[in-house]
Amino acid sequence: MDSLKNGEFTLSENSIKQDLSLLIQALDSSISGIILTDNQQPDNPIIYCNKAFEFITGYKRHEIIGHNCRFLQKEDRGQKERSILRKAVEDGAECVVEMRNYQKNGTLFWNELYMSPIKDEQGNVCYFIGVQNDITRRKKAEQELLHQQNIMESQIQERTKSLKESEDYLSSIVQTVRESLVVLNPEFEVLSVNDHFLKTFKVSREETEGKLLYELGNGQWDIGKLKELLENILPTNNPVEEFEVEHDFPHIGKKLMLLNAHRIELEGQYKDRILIAIEDITDRREIERRKDDFLSIASHELKTPLTTIKGYIQVMQRLLPDSVGDKLKEILNKTGIYVERLNSLIAELLDMSKIQTGNIELHKETFDFDKAIHEAVENMQAATKTHHIIIRGHATNNYTGDESHIIQVINNLLSNAIKYAPDSEEVQVYLSRVSNFLKVSVSDKGMGIKIEEQKKIFDRFYRVGEIQQRFPGMGIGLYVCDQIIKNHGGTLWVESEPGNGSTFSFTLPLDEGRFNEQ
Ligand code: ADP
Numbered sequence: 000m001d002s003l004k005n006g007e008f009t010l011s012e013n014s015i016k017q018d019l020s021l022l023i024q025a026l027d028s029s030i031s032g033i034i035l036t037d038n039q040q041p042d043n044p045i046i047y048c049n050k051a052f053e054f055i056t057g058y059k060r061h062e063i064i065g066h067n068c069r070f071l072q073k074e075d076r077g078q079k080e081r082s083i084l085r086k087a088v089e090d091g092a093e094c095v096v097e098m099r100n101y102q103k104n105g106t107l108f109w110n111e112l113y114m115s116p117i118k119d120e121q122g123n124v125c126y127f128i129g130v131q132n133d134i135t136r137r138k139k140a141e142q143e144l145l146h147q148q149n150i151m152e153s154q155i156q157e158r159t160k161s162l163k164e165s166e167d168y169l170s171s172i173v174q175t176v177r178e179s180l181v182v183l184n185p186e187f188e189v190l191s192v193n194d195h196f197l198k199t200f201k202v203s204r205e206e207t208e209g210k211l212l213y214e215l216g217n218g219q220w221d222i223g224k225l226k227e228l229l230e231n232i233l234p235t236n237n238p239v240e241e242f243e244v245e246h247d248f249p250h251i252g253k254k255l256m257l258l259n260a261h262r263i264e265l266e267g268q269y270k271d272r273i274l275i276a277i278e279d280i281t282d283r284r285e286i287e288r289r290k291d292d293f294l295s296i297a298s299h300e301l302k303t304p305l306t307t308i309k310g311y312i313q314v315m316q317r318l319l320p321d322s323v324g325d326k327l328k329e330i331l332n333k334t335g336i337y338v339e340r341l342n343s344l345i346a347e348l349l350d351m352s353k354i355q356t357g358n359i360e361l362h363k364e365t366f367d368f369d370k371a372i373h374e375a376v377e378n379m380q381a382a383t384k385t386h387h388i389i390i391r392g393h394a395t396n397n398y399t400g401d402e403s404h405i406i407q408v409i410n411n412l413l414s415n416a417i418k419y420a421p422d423s424e425e426v427q428v429y430l431s432r433v434s435n436f437l438k439v440s441v442s443d444k445g446m447g448i449k450i451e452e453q454k455k456i457f458d459r460f461y462r463v464g465e466i467q468q469r470f471p472g473m474g475i476g477l478y479v480c481d482q483i484i485k486n487h488g489g490t491l492w493v494e495s496e497p498g499n500g501s502t503f504s505f506t507l508p509l510d511e512g513r514f515n516e517q
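Just so you know, numbering that gives the first Met the number 0 puts 513 at position 514 of the sequence shown, and the rest follows in order with no gaps.
What follows is the structure in structure tokens.
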């Protein structure tokens, strides 16, 4: 009971006991471990601990009281936090540290210790109160986070390194290719060029990168066809392949360029960039032109003496007396055949060079198409003993075109069908009308042609690799046929399977108006 003594308000012993027990109950209810140490006794021993401290450390009260706190560190004495604690005790100051402590059974726990001095009325430090929280879980999470961060960091370093490597690798390829490469942004500003570009167009990187393409070198790249390509064709998102541009550059002269361009369809910083690969084909074209000139001159030069030889052979055949032996007659006949073969090879070369120079002349007239094909087949049949040529169907009796050219096509297809089917006996020719087109197909049961070769055989000088040695030829015939059919507004194509023969077909439009429109 509280009472008033000498005018002063004093506390009764009972009331003090009640307050103390309330205080102890309160301390025991705390989830933080709480200790009191007595600074006035040697080695600052623990004089009080609450229940949570017992729980956190695993020690019982009687194992705690009288000890210095350091027993919680067991052998782990190297922690730098100890000196912070020691200093705070010496200075009578407060401090917070996070330390590794060990429970009685040796289990590590992280202790967040808040230590604060309790002073008497004169300000002398008499006790310290220590409040402790087990922060092992937080510490573990922090350490785990740190560990993950380290892993991530090393992964990022690894990735950056490999990105850098691939960037170096790519850039070494880009710099090595023998094509000029230009990257533009959607506004046609040059973002980068490779060394080959600089070398070919004799410009420096500084005067190129960051400039608008059309303004490069005082507008020398302001090329109509290139503008058309970039502004009209590329936005359709179709890559542009083999686009030929000829331009006279002030410093380097006339250049023939083959452009391949496409819009880079990536997201992010590379979006909508335009990559242009420029191949300088000026020299290559010049060499091709010279080769064509040579072939044209050579075939012309060969043709004249050959015609004379052909004439002499005919005269000799006529003048040969009957008394002469069969042997000589046969020799003359064979010579005639080989001269004829040579003649048709030279004719092929001449045709080709005429096509190349655009000098092929069409002698358009109306003729009986079916009859002409039948005659051509008969002539071919007369010249071959190995194969039987069967002709079926009807196309038209009235066709307007260059008869000799059409016959040349059918002769070529027939002689190929015979040549490339040495083990079969039959060649079929089929004539038909499809809508307002006539169609002719020549089928053999020969070796056939692989799918990947089928497009190439219409290129000049192309011959399928494996037959080069076995069969004579120059790889010109189909090229000439294709051009002749195109000149008549038609299409020539092949359907074939290796080992199962080939069918070469062409269609020709029957409309007068469409003739020679391509
Ligand atoms: P050439 O017969 O002189 O080689 P062509 O231009 O007529 O030239 O033919 C080109 C190539 O196409 C031939 O070398 C051959 O490989 C292939 N070819 C043409 N016709 C046939 C066919 N009927 N069967 C199989 N291959 C063929």
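From the three backbone atoms N, C-alpha and C, an ideal C-beta is built for every residue, glycine too.
Note that the structure is predicted; figures quoted are calculated from it, not measured.
Handout entry: Span separating the alpha-carbon of T307 from that of E285
Key = Using only the alpha carbons, I get a separation of about 34 Å.
Practice task
Assuming I312 contacts L341 (C-beta within less than 8 Å), just tell me the rounded distance between them.
Solution key: Wrong, their Cβ atoms sit about 12 Å apart, outside the cutoff.
Problem - Three-state class that DSSP yields for K79 in the structure shown - result: Here K79 carries a coil assignment [DSSP, helix/strand/coil].
Exercise for the section: Quick one: which unbroken alpha helix (DSSP H) runs of 4-plus residues sit fully inside the region 71-115? Chain order, please. Expected result: Correct list: 80-90.
Handout entry: Of the listed residues R469, N132 and K449, nearest to N421 (C-alpha basis)
Key = This sequence places Pro at residue 421; Asn is not what is there. The closest CA to that of P421, considering only R469, N132 and K449, is found on R469.
Exercise for the section: Sort Q380, Q131 and K139 by Cα distance to N410 and report the nearest one. Expected result: Among Q380, Q131 and K139, the Cα nearest to that of N410 is on Q380.
Practice task
Please confirm whether any heavy atom of the ligand ADP lies closer than 7 Å to the CB of N411.
Solution key: Result yes, Cβ under 7 Å from the ligand ADP.
Problem - Beta bridge counterpart(s) of L211 as assigned by DSSP - result: Answer by DSSP bridge pairing, in chain order: E188.
Exercise for the section: Note the first and the last residue of the continuous alpha helix (DSSP H) segment covering Y337. Expected result: Start and end: D325 to T356.
Exercise for the section: Quickly, what does DSSP pair Q131 with across the bridge? List them, please. Expected result: Q131 is bridged by DSSP to G32 and L112.
Handout entry: Whether V493 touches T502 by CB criterion (8 Å)
Key = A contact, by the Cβ cut-off of 8 Å.
Practice task
Alpha carbon to alpha carbon, how far is I372 from I406? Give it in angstroms, no decimals.
Solution key: Computed Cα separation, rounded: 7 Å.
Handout entry: Any non-hydrogen atom of the ligand ADP closer than 7 Å to S551 Cβ
Key = The chain is shown from 0 up to 517; residue 551 falls before or after that span and cannot be answered.
Exercise for the section: Indicate whether V244 and L212 have their beta-carbon atoms separated by less than 8 Å. Expected result: No, they are not a contact pair.
Problem - Member of P44, G32, H61 and Q39 whose CA lies at the smallest distance from the CA of A51 - result: Nearest of P44, G32, H61 and Q39 to A51, Cα basis: G32.
Problem - Nearest residue (CA-CA) to F187, options E164, E230, N38 and G464 - result: For the set E164, E230, N38 and G464, the Cα lying nearest the Cα of F187 is the one of E230.
Handout entry: Any non-hydrogen atom of the ligand ADP within 7 Å of Y429 CB
Key = False, no ligand heavy atom lies under 7 Å from that Cβ.
Exercise for the section: Output the distance between the C-alpha atoms of G91 and G105, rounded to the nearest integer angstrom. Expected result: Going by C-alpha positions, G91 is about 31 Å away from G105.
Problem - Distance between N397 and F514 (C-alpha atoms, nearest Å) - result: The pLDDT assigned to F514 is 45, lower than 50, so where the model puts this residue is not dependable; a value taken from the coordinates is nonetheless given after this. Looking at the two C-alpha atoms, the distance is approximately 14 Å.
Practice task
Output yes or no for whether 8 Å exceeds the beta carbon distance between A87 and E93.
Solution key: The Cβ atoms of A87 and E93 sit closer than 8 Å to each other.
Handout entry: Cβ-Cβ distance between N38 and F108 below 8 Å
Key = By the CB criterion at 8 Å, N38 and F108 fall outside the cutoff.
Problem - Beta-carbon gap between K309 and T281 smaller than 8 Å - result: With contacts defined by Cβ atoms closer than 8 Å, K309 and T281 do not form a contacting pair.
Practice task
List the DSSP bridge partners of N237.
Solution key: N237 is not bridged to any residue.
Exercise for the section: May I have the straight-line CA-CA distance separating N217 from S170, to the nearest angstrom? Expected result: Between the alpha carbons of N217 and S170 lies a gap of roughly 28 Å.
Practice task
For T518, write down the residues that DSSP places opposite it in a beta bridge.
Solution key: The structure shown does not extend to residue 518, since the chain spans only 0 to 517, so no value can be given for it.
Exercise for the section: Evaluate the contact criterion for the region 471-487 versus the region 428-440: three or more CB pairs, one atom per stretch, below 8 Å. Expected result: Touching, no.
Problem - Per-residue DSSP class, three states only, for H487 - result: Reduced to three states, the DSSP call for H487 is coil.
Exercise for the section: Pick helix, strand or coil for Q219, following the three-state DSSP scheme. Expected result: Q219 falls in the coil class under three-state DSSP.
Problem - Residue closest to I46, alpha-carbon to alpha-carbon, out of Q72, Y419, C125 and L215 - result: Considering only alpha carbons, the answer is C125.
Practice task
For the alpha helix (DSSP H) containing P304, list its first residue and its last residue.
Solution key: First-last of the alpha helix (DSSP H) with P304: T281 to L318.
Practice task
Identify whether R262 lies in helix, strand or coil by the three-state DSSP scheme.
Solution key: Correct three-state label for R262: strand.
Handout entry: Beta carbon of E178 nearer than 8 Å to that of I273
Key = One thing to note: E178 has its Cβ no nearer than 8 Å to the Cβ of I273.
Handout entry: D458 versus L348 - alpha carbon distance
Key = Approximately 14 Å, taken between the alpha carbons.
Practice task
Compare the beta carbon distance of I448 and S495 with 8 Å and say whether it is the shorter of the two.
Solution key: Yes, Cβ-Cβ distance for I448 and S495 is below 8 Å.
Exercise for the section: Kindly indicate the opening and closing residues of the beta strand (DSSP E) around I388. Expected result: Run containing I388: H387 to G392, per the beta strand (DSSP E) assignment.
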